[in-house]
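Peer 1: Once you've had a glance at the structure underneath, I'll fire off some questions.
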Amino acid sequence: MPKEFIEVRGAEENNLKDLDVEIPREQFNVVTGLSGSGKSSLAFDTVYAEGQRRYIESLSAYARNFLGQMDKPQVESVEGLSPAISIDQKNAANNPRSTVGTVTELHDYLRLLYARVGHPHCPECGREVGEQSAQQMVRRVFDLPEGTRAKVAAPVVRDQKGAFEDLFEDLVADGYSRVEVDGEEYDLSLDRPDLDENYDHTVDVIVDRVKVREGDRSRITDSVETALEEADGVLKLILPDPPEGDDLDVDFGGNESRSTGDLAGDGDDRLVVEFSEDLACTHCGIDFSEIETRSFSFNSPHGACPECEGIGSTKEVDEDLVVTDPSKPIKHVFEPWSYNRSYYRTRLDNVAEHFGVSVETPFEELTESQRRQFLYGTDEEVEFEQQTRNGVRRKTQKFEGVVPNLERRHVETDSDRTREHIEEFMAVTTCPECEGTRLKPQSRSVYVDGTSITEVNRLSIGDALEHFEGMEETLTDRERTIAEEILKEIRARLGFMEEVGLEYLTLDREASTLSGGESQRIRLATQVGSGLVGVLYVLDEPSIGLHQRDNDRLLDTLEGLRDLGNTLLVVEHDEATMRRADNVIDMGPGPGKRGGEVVAQGDFDDIVNTDESVTGDYLAGRKVVEVPETRRESDAALTVEGARQHNLKDIDVDIPVGQFTAITGVSGSGKSTLMHDVLYKGLAREMNDNTEVDPGEHDRITGMDTIEGVRLIDQSPIGRTPRSNPATYTDVFDYIRELFAETKLANQRGYDKGRFSFNVKGGRCEECGGQGTVKIEMNFLSDVHVPCEECDGARYNDETLDVTYKGKTIADVLDMSVDEAYDFFESHSGLERRLGLLKDVGLGYMQLGQPSTTLSGGEAQRVKLAEELGKKDAGDTLYLLDEPTTGLHKADERKLIDVLHRLTDKGNTVVVIEHELDLVKNADHVVDLGPEGGEGGGEVVAEGTPEEVARIDESHTGRYLRDYLPTVDAEGPRSDRRMPALAAEGGADDADADEESEPVEAAATDD
1 MPKEFIEVRG AEENNLKDLD VEIPREQFNV VTGLSGSGKS SLAFDTVYAE GQRRYIESLS
61 AYARNFLGQM DKPQVESVEG LSPAISIDQK NAANNPRSTV GTVTELHDYL RLLYARVGHP
121 HCPECGREVG EQSAQQMVRR VFDLPEGTRA KVAAPVVRDQ KGAFEDLFED LVADGYSRVE
181 VDGEEYDLSL DRPDLDENYD HTVDVIVDRV KVREGDRSRI TDSVETALEE ADGVLKLILP
241 DPPEGDDLDV DFGGNESRST GDLAGDGDDR LVVEFSEDLA CTHCGIDFSE IETRSFSFNS
301 PHGACPECEG IGSTKEVDED LVVTDPSKPI KHVFEPWSYN RSYYRTRLDN VAEHFGVSVE
361 TPFEELTESQ RRQFLYGTDE EVEFEQQTRN GVRRKTQKFE GVVPNLERRH VETDSDRTRE
421 HIEEFMAVTT CPECEGTRLK PQSRSVYVDG TSITEVNRLS IGDALEHFEG MEETLTDRER
481 TIAEEILKEI RARLGFMEEV GLEYLTLDRE ASTLSGGESQ RIRLATQVGS GLVGVLYVLD
541 EPSIGLHQRD NDRLLDTLEG LRDLGNTLLV VEHDEATMRR ADNVIDMGPG PGKRGGEVVA
601 QGDFDDIVNT DESVTGDYLA GRKVVEVPET RRESDAALTV EGARQHNLKD IDVDIPVGQF
661 TAITGVSGSG KSTLMHDVLY KGLAREMNDN TEVDPGEHDR ITGMDTIEGV RLIDQSPIGR
721 TPRSNPATYT DVFDYIRELF AETKLANQRG YDKGRFSFNV KGGRCEECGG QGTVKIEMNF
781 LSDVHVPCEE CDGARYNDET LDVTYKGKTI ADVLDMSVDE AYDFFESHSG LERRLGLLKD
841 VGLGYMQLGQ PSTTLSGGEA QRVKLAEELG KKDAGDTLYL LDEPTTGLHK ADERKLIDVL
901 HRLTDKGNTV VVIEHELDLV KNADHVVDLG PEGGEGGGEV VAEGTPEEVA RIDESHTGRY
961 LRDYLPTVDA EGPRSDRRMP ALAAEGGADD ADADEESEPV EAAATDD
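This is the structure:
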């Protein structure tokens, strides 16, 4: 009989304290608790790791030789385990070639659809092109009404200069008597066309004049084959009197055009249809390669745009970076060119002389034409004089122009230094050839249902689902048979993505720009589509990045997975998720070494009614994040005008200077586009001269004189290798190495602080290169890092580990949590201050030496925030943060809010994108975008104080915010559950009595 529980016995991984816990199978289980209390250690490092290890052990001995051995988690036993699948927050890909379409495999199905039922068109003239056999052409001729008159012609000359006298002689010799020249018919047996050889002409040989009759099928077939032979596989069918109306409901599969010949009278329209045995445009003379699935892949040379090689963007010399100050004289105005160098001096002197101006003339005083010719080359030749040893050398030629000169040298130079110098004056821009679509013109000109694959890729998932709904009705019977299964798969995948709240993402969105939560939900959608049963799914905060309104759909999806017969183990802080869960495991009671125990287990009410549970305190309203009593005032603003990148609808947004601003809105409403693409990139380009960024479309940003600088603190990793960790990133490790180098034994042995670095030879373990782990490549599974056998994960050699400080080795210190290190180094003011900042941002539980590759996006962002706080700051800096509460428990959110208030109180301006309403209610100013996601968003729905936004019915954020603000008397969507802000009236005294619930600063008071 199958077990009802996954029984974990004696778990001691990381900070778990001989933990015993029973996790109900085929139920929705949530693991919650303070940050660092052991949630991930239980869910991922114990339960999932044991499931993965057992799977590998179930393989053959031969396969295990290639996979290596995985260490068993520190657990006595795990019984009742199902096959385990982990869906964590790691970003889907950092490759710029990865898009939402590619990581979800949707692009593969789209490529298959377009390769099998797509209609290729000429990218030049737009006519449909196709390859057909002679038999297919005859079949289409007989689709015409009985008795239709037609000419079967062979186009032997197309738009070529010449008199073609020899051609006409040869045609007569071959037995042809009639030709059409430029639409006019001639009888070669009577007269020859007298053509002007200086003009283009078109010559069509009339092979036969026929009437469409079943009895003449054999004759028409012979004529078609003859015409194809004469014109190298191309045929023209000329209908002098084409049928009208419904009688001409014929799909010729070729290029159709109505034209009026020179002999035709007024209104005498005729129809000319061109056929080709090859895939080619007979009108433009362009040949096409065979349409294959790889023709639509921007990762293949068969489909990628040759200009940008499938990236969608190129680097080009930017005129604004070449000329930064037009008021400078000509000789000094071009930043990349030094007038002191003779080559540049000669060029500028001679071009200036050509225009009759002095090189001392300010550039802005030149005419527009002169400025253009200096930058992009002269229209006329210039006489250049250069003084050489042998006298004056003269040369007359057009001046190349500063910008073309830089572009040419960037391509031709072999010097990395020269290339890097030129790149300082280049900016990333959308590829002008493919306009960012990544594909070559031929691939962009294949249509299904009148839409190209690039147009589909630009659709949001919600719009794409609508586009493919019922598409079969627009296809022919043959196409429908081919496309039916493909369309079913496309709709299914789009549907799963919509279910997990991602309908606002466009298919061509770069995967590297997705948040950890979005990446996780994409993988979740893929699992929903797989339809597996009896699996253990381990998820890491899937609600991250979702608006409260969208959360219910995600939870419906998770419950659907459970109802299939799967077990869900979800690490989560979200209250709505806990309410929907069948079983909640609350870890604690504190973070780090003070955690690792199960404080409470049961349904939502059981957690709420457990007095020892900090989570229960916040859920019940016994503890709260207070609302500030007053909001800061501002007398200046940073204003973004005319923002229209992606779905932003030409909006103007004010960011009050010296205030704490929250940008809110439903998922996909344009928050990240506004902050990252427009505000940050626009300021970085203008204030920091950062040419690596390409700002989103907008008119201007005003008020930049009110801030000194801009810093983006995002969720990107703090390092790409396991060598990077919080201690090295925040410079804490430099202080620690100095302390060890000052010890008595280190002085006796002559060790300097470099001896205690694990990045250089000397003190580190050479077996693992100072990483402490060795990577085992798992081939078809993800790579696994196992502890180094030589140093047992300590990173250092034995001689280095002989040196101790207060009885601890350098390896022992790296294994300490921030809280432990704070107490250990309390006598060292520099270390205590920096470690205190890490504690302040809620990272007291984190190990100092934890590899940066294992940090979540939220943890990496908070490490960066602590590093920023450690800088000597004079204020007037704009800080931009993207969902800083990611991965934080309510108790740790209070600490983070306190830090953000401290930053603002120093005179800085803080802007955050956030869904967590306890943080939003602490903001001085809220900008709410919407009203919906994707094309339905991009507008400013509400702005003002949290109270003002909460009173606006059109704002989804405002309505949910009502439950958190005691002074707003309107009801919110969750008012039936509780009003935590009001609960503070009864619970503030209890909160103040607890060390963890110190009220936040910035005038926060008990309500």
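Residue numbers (my numbering): 1 to 1007.
Beta carbons: idealized from backbone N, C-alpha and C, even for Gly.
1. If we count the other Cβ atoms within 10 Å of its Cβ and call it buried at 16 or more, is Q397 buried or exposed?
2. When the Cα atoms are used, what is the spatial distance from Q850 to K17?
3. May I have the straight-line CA-CA distance separating I607 from G51, to the nearest angstrom?
4. At which residues does the alpha helix (DSSP H) containing Y618 begin and terminate?
5. Identify, in the order they occur along the chain, each residue of the same chain with its Cβ nearer than 8 Å to the Cβ of L801, setting aside the five sequence neighbours on each side.
6. What is the DSSP secondary structure of N688, reduced to helix, strand or coil?
7. In the DSSP assignment, find the beta strand (DSSP E) that holds T800 and state where it starts and stops.
8. In terms of alpha-carbon separation, which member of V181, T148, N198, A173 lies closest to D241?
9. Assuming contact is defined by CB atoms lying nearer than 8 Å, are M497 and F275 in contact in what I supplied?
10. Taking all protein chains shown into account, decide if A993 is buried (16 or more other Cβ within 10 angstroms of its Cβ) or exposed.
11. For the segment 452-534, which segments carrying the alpha helix (DSSP H) assignment without a break, of at least 4 residues, lie completely within its bounds, in sequence order?
12. Confirm, please, whether the CB-CB distance from A464 to L507 is below 8 Å.
13. The beta strand (DSSP E) spanning S86 covers which residue range?
14. How about G616 and L648: do their beta carbons lie closer than 8 Å?
15. Three-state secondary structure (DSSP) at N405?
16. For A970, which three-state DSSP category applies?
17. How many angstroms separate the CA atom of Y176 from the CA atom of P441?
18. Is it buried or exposed, E365, if we count other Cβ atoms within 10 angstroms and call 16 or more buried?
19. Which residue spans inside the segment 901-940 form an unbroken alpha helix (DSSP H) run of at least 4?
20. I'd like the span of the beta strand (DSSP E) that includes S276, first residue to last.
21. For Y114, does the three-state DSSP call read helix, strand or coil?
22. Between R862 and the rest of its own chain, which residues show a CB-CB distance below 6 Å, the 5 nearest in sequence each way excluded?
23. Please indicate yes or no: does the CB of Q520 lie closer than 7 Å to some heavy atom of the ligand MN?
24. From S342 to G401, what distance separates their C-alpha atoms?
25. Leaving out five residues before and five after H119 in sequence, what residues of the same chain have Cβ atoms less than 8 Å from its Cβ?
26. Output needed for A600: all residues of its chain with C-beta closer than 6 Å, excluding positions within five of it in sequence on either side, in chain order.
27. Please report the straight-line C-alpha distance between Q370 and K395, rounded to a whole angstrom.
28. Determine the DSSP secondary structure at M816, reduced to helix, strand or coil.
29. By DSSP, does N583 sit in helix, in strand, or in coil?
30. E485 and V117: beta carbons closer than 8 Å?
31. Quick one: what does DSSP say E985 is sitting in, helix, strand or coil?
32. Assign N457 to buried or exposed, taking buried as 16 or more other Cβ atoms, counted over all protein chains shown, within 10 Å of its Cβ.
33. Does the beta-carbon of P73 have 16 or more other beta-carbons within 10 angstroms, so that it is buried, or is it exposed?
34. Quick one, which of P931, V786, V813, S327 has its alpha-carbon nearest S757's?
35. Taking the straight line between their C-alpha atoms, what separation do you get for L110 and G462?
36. Just the C-alpha distance for E12 and T454, rounded to the nearest angstrom, thanks.
Peer 2: Taking the structure as given:
1. Residue environment: Q397 is assigned as exposed (fewer than 16 neighbouring CB atoms within 10 Å of its CB, all protein chains considered).
2. Per the coordinates, the alpha-carbon of Q850 lies some 20 Å from the alpha-carbon of K17.
3. Each residue's alpha carbon lies about 28 Å from the other.
4. Residues 614-620.
5. Take L801, set aside five residues on each side of it, and the residues of its chain with a beta-carbon closer than 8 Å to its own are A794, T809, I810, A811, in chain order.
6. Correct three-state label for N688: helix.
7. Careful: T800 lies outside any beta strand (DSSP E), inside the alpha helix (DSSP H) at 798-801.
8. If you compare the alpha carbons of V181, T148, N198, A173 with that of D241, the shortest gap goes to T148.
9. By the CB criterion at 8 Å, M497 and F275 fall outside the cutoff.
10. The pLDDT assigned to A993 is 37, lower than 50, so where the model puts this residue is not dependable, and the model offers no usable value.
11. If only uninterrupted alpha helix (DSSP H) runs of at least 4 residues are considered, those enclosed by the segment 452-534 are 453-457, 461-468, 477-499, 516-530.
12. Taking 8 Å as the cut-off, the Cβ atoms of L507 and A464 count as close.
13. Per DSSP, S86 belongs to the beta strand (DSSP E) from 84-87.
14. With respect to L648, G616 sits apart: the two C-beta atoms are not nearer than 8 Å.
15. Three-state DSSP puts N405 in a helix.
16. Three-state DSSP puts A970 in coil, outside helix and strand.
17. The alpha-carbon atoms of Y176 and P441 are separated by roughly 39 Å.
18. Of the residues assessed, E365 falls on the exposed side of the cut-off, its CB having fewer than 16 other CB atoms within 10 angstroms.
19. Runs found: 917-920.
20. Counting along the chain, the unbroken beta strand (DSSP E) around S276 starts and ends at 270-276.
21. DSSP places Y114 in helix when its eight states are reduced to three.
22. Excluding residues within five positions, the ones whose Cβ falls inside 6 Å are V841, L843.
23. What this structure holds is no ligand at all, so the ligand MN is not there to describe.
24. Those two C-alpha atoms are separated by around 16 Å.
25. Hits under 8 Å: E128, G130, V446, Y447, V448.
26. D586, I607, T610, S613.
27. Rounded to the nearest whole angstrom, the C-alpha separation of Q370 and K395 is 21 Å.
28. Note: M816 maps to coil in three-state DSSP.
29. Strand, per DSSP.
30. Contact: no.
31. Note on E985: pLDDT 40, under 50, position unreliable in the model; the coordinate value appears next. The answer is helix: DSSP assigns E985 an H, G or I state.
32. Flag for N457 reads buried.
33. Its Cβ being crowded by 16 or more others within 10 Å, P73 is buried.
34. Measuring from the Cα of S757, the nearest candidate turns out to be V813.
35. Going from the Cα of L110 to the Cα of G462 covers about 16 Å.
36. Distance between the alpha carbons of E12 and T454: 52 Å.
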